[in-house]
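Peer 1: Here you go, one structure.
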Amino acid sequence: MKKNILIVPGDGIGQEVTEVGKSVLVKIAEKFGHEFSYDEALMGHVAIEATGNPLPDETLEKMRNSDAILFGAVGHPKYDNDPTAKVRPEQGLLKMRKELGLYANLRPIKLFDELLSASSIKPEILKGSDILFFRELTGDIYFGEKGRKNDNNTAYDIAEYSRYEVERIGRKAFEAARTRGKRLMSVDKANVLETSRLWREVIQALAPEYPDVTVEHQFVDSAAMLLIKDPRRFDVVVTANLFGDILTDEASQIAGSMGMLASASVGDSTGVYEPIHGSAHDITGKGIANPLASVLSAALLLDISFGLKEESDAIIAAVDKLLKDGFRTKDISDASTPAHLLLNTQSAGAELLKRI
Ligand code: NAI
Ligand code: MG
Numbered sequence: 001m002k003k004n005i006l007i008v009p010g011d012g013i014g015q016e017v018t019e020v021g022k023s024v025l026v027k028i029a030e031k032f033g034h035e036f037s038y039d040e041a042l043m044g045h046v047a048i049e050a051t052g053n054p055l056p057d058e059t060l061e062k063m064r065n066s067d068a069i070l071f072g073a074v075g076h077p078k079y080d081n082d083p084t085a086k087v088r089p090e091q092g093l094l095k096m097r098k099e100l101g102l103y104a105n106l107r108p109i110k111l112f113d114e115l116l117s118a119s120s121i122k123p124e125i126l127k128g129s130d131i132l133f134f135r136e137l138t139g140d141i142y143f144g145e146k147g148r149k150n151d152n153n154t155a156y157d158i159a160e161y162s163r164y165e166v167e168r169i170g171r172k173a174f175e176a177a178r179t180r181g182k183r184l185m186s187v188d189k190a191n192v193l194e195t196s197r198l199w200r201e202v203i204q205a206l207a208p209e210y211p212d213v214t215v216e217h218q219f220v221d222s223a224a225m226l227l228i229k230d231p232r233r234f235d236v237v238v239t240a241n242l243f244g245d246i247l248t249d250e251a252s253q254i255a256g257s258m259g260m261l262a263s264a265s266v267g268d269s270t271g272v273y274e275p276i277h278g279s280a281h282d283i284t285g286k287g288i289a290n291p292l293a294s295v296l297s298a299a300l301l302l303d304i305s306f307g308l309k310e311e312s313d314a315i316i317a318a319v320d321k322l323l324k325d326g327f328r329t330k331d332i333s334d335a336s337t338p339a340h341l342l343l344n345t346q347s348a349g350a351e352l353l354k355r356i
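Here the sequence shown is numbered in full-length UniProt numbering, starting from 1 and rising by one per residue.
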C-alpha cells in the first residue's frame with residue numbers, strides 16, 4: 001500500500017513521543033511491504049515562534065494533501081500562565097478540527113493486563129476491558145446558540161442535532177462495531193431530550209443496514225454507572241458531544257495511565273491521530289515521556305485510515321509483549337520495578353521495535 005503520512009510533532013514531549021510513533025510506522029512498512037512517505041509540519045507554540053500563526057497555511061495545505069496525520073501535542077507554559085494571550089497554540093487545534101471537518105472523535109480504552117493494578121477499579125471487574133468510544137465532535141450544545149437574558153439573570157445554551165450529523169457518526173460507529181465484537185451501545189437521554197429522541201430514531205433507522213451488529217440503547221446516566229460497574233459490557237459506544245466528553249474522561253480511568261491512551265479524530269477526508277495527553281512541559285527534555293500513547297496512535301492510524309488491521313494488531317501485540325516482559329516507563333512503574341527494566345522514551349521505542 002502506498003500512502004503519505006504527515007508528522008506534526010507540535011510542542012514539548014509531543015516532539016519526543018512522535019519520533020517513536022513514526023519509527024513504528026517505518027518498521028511496519030518495512031515488515032509488511034508498504035510504501036509510506038513522510039512529510040513534517042509545524043503547529044502550536046513552535047509554529048507561533050516561526051511564523052506568528054499556530055496553524056500556518058503551509059501546515060494546513062500539507063494536512064489536506066496527506067492520507068493521515070500523526071500528531072503530538074501543542075501547548076507551552078507561556079500561554080497557560082497568560083490567559084489574555086491573543087495568539088495561542090490551541091487555536092491551531094480548534095482550527096484544524098474545523099477546517100478538516102473532523103466530526104468523529106474516537107477514543108479506545110484498552111486495558112493491558114499487566115497494568116491492571118494501575119487503575120483504581122478492582123482488577124476482577126476490569127480485566128479484559130476493551131472499549132471504543134465514538135464521540136460526535138462538531139455539534140450539540142457546544143455549538144448551538146448561547147447567551148444571557150433577563151438582565152443577565154438567565155443563561156442558556158441550545159443543543160441541536162441534524163439527522164445528517166447523527167447519521168454520519170452513527171455509520172462510523174456501526175462500521176467499527178463490525179470489525180470488533182459486533183456490539184454497539186448508543187448513549188442518549190431520549191426519555192427527556194428531543195435531540196436524543198432524534199439521535200435514537202436515526203441510530204434505529206441505520207440498524208437494519210448492519211444486521212450483524214447488535215444495538216443496545218442506554219440512557220447516559222445509566223451508562224455512566226455501568227461503565228464502572230461492568231466495563232466489559234461495553235464494546236463500541238456512540239454518543240453526542242457533551243455525553244462523550246464526560247463519559248470518555250470517566251472511561252480513561254479504566255486504563256490507568258495518560259501515557260497509554262491514544263485518540264483519533266476523523267471526518268470524510270484525512271484523519272488525525274494523537275495521544276490524549278498534552279505537551280507535558282514538566283518532563284520535556286528529560287527523555288522520560290512514555291511514548292506508548294503515540295505508538296498506539298500510530299496503530300489506530302493504520303487501522304482506521306488505511307484499513308490495515310493486521311499491521312495495527314501487530315503494534316498492539318508488541319506493546320503487550322513489552323509490558324509482559326516486565327518493561328516499564330517511569331509513569332507506569334512502581335517501587336517493585338527493577339532498574340534494568342525501567343525504560344526511557346528512546347529505549348522504550350527500541351525495545352518495542354524489536355517486538356514488532
Ligand atoms: P499533560 O497531559 O501535558 O500532562 C499531565 C501530567 O501527565 C503531567 O504531569 C505529565 O508529566 C504527565 N504526562 C503526560 N503525558 C505523559 C507521558 N506520555 N509520559 C509520562 N507522563 C506523562 O497536561 P497538562 O500538564 O495539563 O498540560 C500541559 C500542556 O499541554 C498545556 O499547555 C496544555 O494546554 C497542553 N495540552 C494539549 C493537548 C493537545 O495538544 N491535544 C491536550 C492537553 C493539554
Ligand atoms: Mg473533556
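We treat Cβ as the ideally placed atom computed from N, Cα and C, and that holds for glycine. Note that the structure is predicted; figures quoted are calculated from it, not measured.
(1) Does the distance from the C-beta atom of Y38 to that of K62 stay below 8 Å?
(2) Please report the distance separating the alpha-carbon of R328 from that of N81.
(3) Within the region 245 to 302, note down every full beta strand (DSSP E) run reaching 3 residues or more, in order along the chain.
(4) Measure the Cβ-Cβ separation of I276 and A264 and say whether it is below 8 Å.
(5) Among I28, S305, R355 and K3, whose alpha-carbon lies nearest the alpha-carbon of A318?
(6) Going by alpha carbons, who is nearest to H45 out of F32, A68, D67 and K78?
(7) One question on the structure: do A155 and R148 come within less than 8 Å of each other, judged by their Cβ atoms?
(8) From this set, Y273, T270 and P291, which residue's C-alpha is nearest A280's C-alpha?
(9) Would you mind stating whether L102 and I5 have Cβ atoms separated by less than 8 Å?
(10) Looking at P89 and V188, is the spacing between their C-beta atoms short of 8 Å?
(11) Between the region 180 to 195 and the region 249 to 264, do three or more beta carbon pairs fall short of 8 Å?
(12) Is A293 near the ligand NAI, going by C-beta to nearest heavy atom under 7 Å?
(13) Could you tell me whether the region 113 to 122 touches the region 167 to 176, using the rule of 3 or more Cβ pairs below 8 Å?
(14) Within the continuous alpha helix (DSSP H) that includes G170, where are the two ends?
(15) Apart from the five residues just before and just after E16, which ones in its own chain have a Cβ nearer than 6 Å to its Cβ?
(16) Just checking I13 against the ligand NAI - is the residue's beta carbon closer than 7 Å to any of the ligand's heavy atoms?
(17) Can you give me the Cβ contacts of K321 inside the same chain, cut-off strictly under 7 Å, excluding the 5 residues immediately before and after it?
(18) Given that a residue counts as buried once 16 or more other Cβ atoms are within 10 Å of its Cβ, and exposed if not, what is L341?
(19) Since V8 and L106 should fall inside the 8 Å C-beta cutoff, what is the C-beta to C-beta distance between them, to a whole number of angstroms?
(20) Where D245 and D282 are concerned, what is the direct C-alpha to C-alpha distance, given to the nearest angstrom?
(21) If you measure between the beta carbons of I332 and L111, is that distance less than 8 Å?
(22) Whole angstroms are fine: how far does the CA of G278 sit from the CA of L261?
(23) Comparing C-alpha positions only, which one of E35, W199, R197 and S186 sits nearest to G236?
(24) Count the other CB atoms within 10 Å of the CB of D221; is the residue buried (16 or more) or exposed (fewer)?
(25) Taking all protein chains shown into account, decide if N153 is buried (16 or more other Cβ within 10 angstroms of its Cβ) or exposed.
(26) Please report the distance separating the alpha-carbon of E209 from that of I203.
(27) Tell me whether the beta-carbon of E136 lies closer than 8 Å to the beta-carbon of E165.
(28) Using only the heavy atoms of the ligand NAI, determine whether one of them is closer than 7 Å to the beta carbon of A335.
Peer 2: Concretely, from the data shown:
(1) no
(2) 32 Å
(3) 262 to 266 and 272 to 275
(4) no
(5) R355
(6) K78
(7) yes
(8) P291
(9) no
(10) Per the sequence presented here, residue 188 reads as Asp, with Val not at that position. Not in contact: D188 and P89 (Cβ atoms no closer than 8 Å).
(11) no
(12) yes
(13) no
(14) R163 to T179
(15) A289 and T345
(16) yes
(17) R355
(18) exposed
(19) Their Cβ separation, rounded to whole angstroms, is 18 Å, which puts V8 and L106 out of contact at 8 Å.
(20) 25 Å
(21) no
(22) 11 Å
(23) The amino acid occupying residue 236 in the given sequence is Val; Gly does not appear at that position. Answer by Cα proximity: S186.
(24) exposed
(25) exposed
(26) 10 Å
(27) yes
(28) no
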